[in-house]
Amino acid sequence: MATLPKILISTLVFVLLGILVFAVAFLLIVKITPFSIRKEIEEDQNTALAIVIGSVILGLAWIISAAIHG
Numbered sequence: 069m070a071t072l073p074k075i076l077i078s079t080l081v082f083v084l085l086g087i088l089v090f091a092v093a094f095l096l097i098v099k100i101t102p103f104s105i106r107k108e109i110e111e112d113q114n115t116a117l118a119i120v121i122g123s124v125i126l127g128l129a130w131i132i133s134a135a136i137h138g
């Protein structure tokens, strides 16, 4: 039980770090695209772009998870 607070703090730090890295990577993707991703998916109903963005999100999540896990 004595190590529980230490484990919880390290888990919280890694969660926050993972979310931060994910947010920065996603913002970078949004900035480098020459069009509005939101407009293409919501207004133009571009399903292919939605699938690509979903794949990018999953890929980023797996990479961050693997990096944190070690």
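No gaps in the numbering here: position 19 of the sequence shown is 87 in the working numbering, and each next residue is one more.
All residues carry an ideal CB built from backbone N, CA and C; glycine is no exception.
| Asked | Found |
| --- | --- |
| Residue range of the alpha helix (DSSP H) that includes Glu108 | 105–110 |
| Assigned secondary structure, Pro102 (DSSP; H/G/I helix, E/B strand, else coil) | coil |
| Given 8 Å, three or more beta-carbon pairs between the segment 89–103 and the segment 119–135 | yes |
| Residue range of the unbroken alpha helix (DSSP H) whose run includes Ala134 | 115–137 |
| CB-CB length for Gly86 against Ile136, believed under 8 Å | 6 Å |
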